[in-house]
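**Student:** Numbering (the UniProt record's numbering), first residue to last: 1 to 492.
Just so you know, even glycine gets a beta-carbon here, dropped at the ideal spot from N, CA and C.
Shown below is the structure under consideration.
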């Protein structure tokens, strides 16, 4: 999508105001241009003249009257006079010396008697109350002989107006007035259509993109981003929609990955279920078919069944753990804990678990705090869960008579716990992936113990790592904060 215009930087409200102002401004400018062009055209086509146009024709008429002298009073002089007088704007009346009308375009008696005639000679009078443009004026021009004898007078009636007084001039006036009156509305309608369509396209473009994006999302196509970016309401809506699209895409990807992991887990657990269930079924069938067996053989079969039942129970616990950790989130319940007492309790539990196989367990605590014996802030149940998962993993691979050592280092703000064993250690190729969810290592185990351990440690703001000891055996070390008092939400 191309770059946005400058007006798209503003809010929709400001865009509407600017569009309205542009419509008014453009209409006003074009109206003024139209009026000026019309006036110029009228002047260039003689359709409009100066206001004193007819008044300026009077000197030529006076010269003609002086040339005609007394002959102007004769009716046959009318034709020649009317060729000189612009009848479109000047009416006239020819009077004799007594003020009597001889001929003309004015029928009513303008001068009453000789005295009024003499008094009005060579004068210009305003005949009505109109002042300025549109006023009617009467000009008295004496008609005399060459010797100066008064024979009569010529009365000229005219108005001060800017247009010629003719049918064509009136038509032009009407057209001009119509253009003047209608042009603002015509231009407003024209520019409203123009600017409104442009505003509509600016608004419709991102709206269509949002509609298309919502349709793609409905089809679960989340790969096409929304590119519209403007500092207005639709721009912010597009940005929010794009953020929602990215978050939805990430959420769906997580869901798809989780579903794939779940399928992988089910495949792995189904495989692990098959072996113990087959063994259990086989031993049950032997017990049913053999009838009365010696006590020693019967107990042997029962021990095998019991062992495999425990294996099945462990797999069931793994499935239950999946439902608990599905969202990779759970709150910590922090409380003050006496670390020494806690470690003594765990030592007794580990010794009990290792006793049937003569596994030797040692637990040591190294205090490095200024005030030894003070409580630490921990979720003791979760830390115990971490230790149980790591110890259970070690006991699974320790040979009979093996050794397991738990070392604790207690500092001012953190607790470090290290679990060492004398077993075969981790497969080198498994070490980078030991804490991955549902990882199935070389030994074929699908448990979630180490993954759960890492998640709990991270919730405590700590770290965990696994390695093989130089002299053989596995070592898992984790460190947790003992001074925080809020949940440290952290994914795996």
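Contact defined as beta carbons within less than 8 Å: I believe residue 465 pairs with residue 477. What is the distance between those atoms, to the nearest angstrom?
**Tutor:** 6 Å between Cβ atoms; contact.
**Student:** Between which residues of its own chain and residue 506 is the CB-CB distance below 7 Å, once the five residues before and five after are set aside?
**Tutor:** The requested residue 506 does not occur in the structure, where the chain is confined to residues 1 to 492.
**Student:** Mark residue 371 as exposed unless 16 or more other C-beta atoms lie within 10 angstroms of its C-beta, in which case mark it buried.
**Tutor:** Residue 371 should be labelled exposed.
**Student:** For residue 180, collect the residues of the same chain with a Cβ closer than 7 Å to its Cβ; drop the 5 residues on either side in sequence, then sort them by chain order.
**Tutor:** The answer, listed in chain order, is 35.
**Student:** Pick helix, strand or coil for residue 152, following the three-state DSSP scheme.
**Tutor:** In this structure, residue 152 counts as strand in the three-state DSSP scheme.
**Student:** Is residue 94 near residue 102, with beta carbons less than 8 Å apart?
**Tutor:** Yes; because the gap between Cβ atoms is below 8 Å, this pair is in contact.
**Student:** Could you tell me which residues DSSP puts in a beta bridge with residue 393?
**Tutor:** Paired residues: none, contrary to the question.
**Student:** In terms of alpha-carbon separation, which member of 283, 309, 312 lies closest to residue 298?
**Tutor:** Here the closest residue by C-alpha is 283.
**Student:** Can you check which of these residues, 246, 104, 100, is closest to residue 92 by C-alpha distance?
**Tutor:** Among 246, 104, 100, the Cα nearest to that of residue 92 belongs to 104.
**Student:** In three-state DSSP terms, what is residue 328?
**Tutor:** Confidence at residue 328 is low in this model, with a pLDDT of 47, below 50, so the placement of that residue should be treated as unreliable; the coordinate-derived value is given next. Residue state, collapsed to three classes: coil.
**Student:** If we count the other Cβ atoms within 10 Å of its Cβ and call it buried at 16 or more, is residue 140 buried or exposed?
**Tutor:** Residue 140 should be labelled buried.
**Student:** Give the range of the beta strand (DSSP E) segment to which residue 92 is assigned.
**Tutor:** Start and end: 90-96.
**Student:** For the beta strand (DSSP E) that contains residue 374, what are its first and last residues?
**Tutor:** Element bounds for residue 374: n/a, residue is neither H nor E.
**Student:** Using 8 Å for Cβ pairs, my map puts residue 398 next to residue 423. What's the rounded Cβ distance?
**Tutor:** Rounded, the Cβ-Cβ distance is 5 Å, consistent with contact.
**Student:** Thinking C-alpha only, which one of 361, 415, 25 is nearest residue 461?
**Tutor:** Checked all of 361, 415, 25; the closest Cα to residue 461 is 415.
**Student:** Taking Cβ to Cβ, would you say residue 69 is nearer than 8 Å to residue 146?
**Tutor:** Cβ atoms of residue 69 and residue 146: closer than 8 Å.
**Student:** What do you get for residue 260, buried or exposed, if any count of 16 or more other CB atoms within 10 angstroms of its CB means buried?
**Tutor:** Per the 10 Å Cβ criterion, exposed.
**Student:** Give, in chain order, every unbroken run of the alpha helix (DSSP H) that is at least 4 residues long and sits entirely within the segment 53-87.
**Tutor:** Complete alpha helix (DSSP H) runs here, min 4: 58-68, 78-84.
**Student:** Looking at the unbroken alpha helix (DSSP H) that takes in residue 350, where does it start and where does it end?
**Tutor:** Where residue 350 is concerned, the enclosing alpha helix (DSSP H) stretches over 339-354.
**Student:** Please classify residue 292: does DSSP put it in a helix, a strand, or coil?
**Tutor:** In this structure, residue 292 counts as coil in the three-state DSSP scheme.
**Student:** Suppose you measure from the CA of residue 344 to the CA of residue 454; what does that come to, to the nearest Å?
**Tutor:** Approximately 23 Å between the Cα atoms of the pair.
**Student:** For residue 568, which of 475, 378, 202, 72 has the nearest alpha-carbon?
**Tutor:** In the structure as shown, the chain begins at 1 and stops at 492. Residue 568 is therefore absent and cannot be evaluated.
**Student:** Which word fits residue 131, buried or exposed, when buried means at least 16 other C-beta atoms lie within 10 angstroms of its C-beta?
**Tutor:** With a pLDDT of 41 at residue 131, under the threshold of 50, the predicted position of this residue should be treated as unreliable, and no value is reported.
**Student:** Among the candidates 430, 219, 196, whose CA atom is the shortest distance from the CA of residue 467?
**Tutor:** When only C-alpha atoms are compared, the closest one is 430.
**Student:** Quick check: is the beta carbon of residue 478 nearer than 8 Å to any beta carbon in chain C?
**Tutor:** Structure shown: chain C not included; a single protein chain is present.
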